[in-house]
Amino acid sequence: MKLDTLKQEAINSAAWQAWQGWYGQLSSRDQRIVRWLAAATAVALLLLVLVVPLMQKNDALQQQYQRSMASYQLLADNAYRFGGASQSSSGGPILPRITQQAQRFGLSLSRYEQDGGDLRVWLDNVAFDDAISWMEQLKQQNIRASLVTVDRTAVGRINLRATLTQS
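Going by this note's numbering, the sequence shown opens with residue 4, and the numbers climb by one from there.
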């Protein structure tokens, strides 16, 4: 009932009557242009009403995510202080130390998996001498290797699988 009343008031308004008169005087080509512009304006307004708030929410959520990741990193870095993951005598978690030493020897971990306090690593198609030197360096940092599998891929090249543990 209210909708019909509102519709009648809009149709009887002076602005609507003036617009209808103006629109009626336009050629059919101009009327088509006005319709397309009205449709484009409606789509643009709809996008503004829907997309802009979504983009703002996305920005807010990204900022919240960054704050959460910073908090998580702080907690992870200090977990050993509160009975969490152990920290070795040479200081630091095991994964960054292993990857740093691997990079120092020109090696790249193909894959790794955390298994409690242990870390399983895969090195594919690496130089045998570099891999052995890397493992010796890890031993000097109180990281021991267990369950080591070495497969020859070519002359002087190997695939290495090992489980590494802090001593």
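Backbone N, C-alpha and C fix where the C-beta goes; we use that ideal spot for every residue, glycine too. All figures in this text were calculated on a predicted structure; none of them were measured in a lab.
CA-to-CA, the gap between L150 and V52 works out to about 60 Å. Distances from the CA of D133 to each of G119, G159 and L98 were compared; the closest alpha carbon is that of G159. In this structure, L98 sits away from L126, with a CB-CB distance that is not shorter than 8 Å. In the structure shown, S149 falls within a strand segment according to DSSP collapsed to helix, strand and coil.
Rounded to whole angstroms, the separation of the alpha carbons of R147 and R123 is 12 Å.
In this structure, DSSP gives V129 an extended state, which the three-state scheme calls strand. Taking T102 as the centre and dropping the five residues before and after it, the same chain places the C-beta of L112 closer than 7 Å to its C-beta, in chain order. Each residue's CA atom was taken as its position, placing G27 and R35 some 12 Å apart. Separation of the CB atoms of L110 and L141 is rounded to 11 Å, and the pair is thereby denied contact status at 8 Å. Beta bridge pairing from DSSP links Q117 with L122. Rounded to the nearest whole angstrom, the CA to CA distance from S71 to R100 is 25 Å. Bounds of any beta strand (DSSP E) do not take in Q144, whose DSSP letter is neither H nor E.
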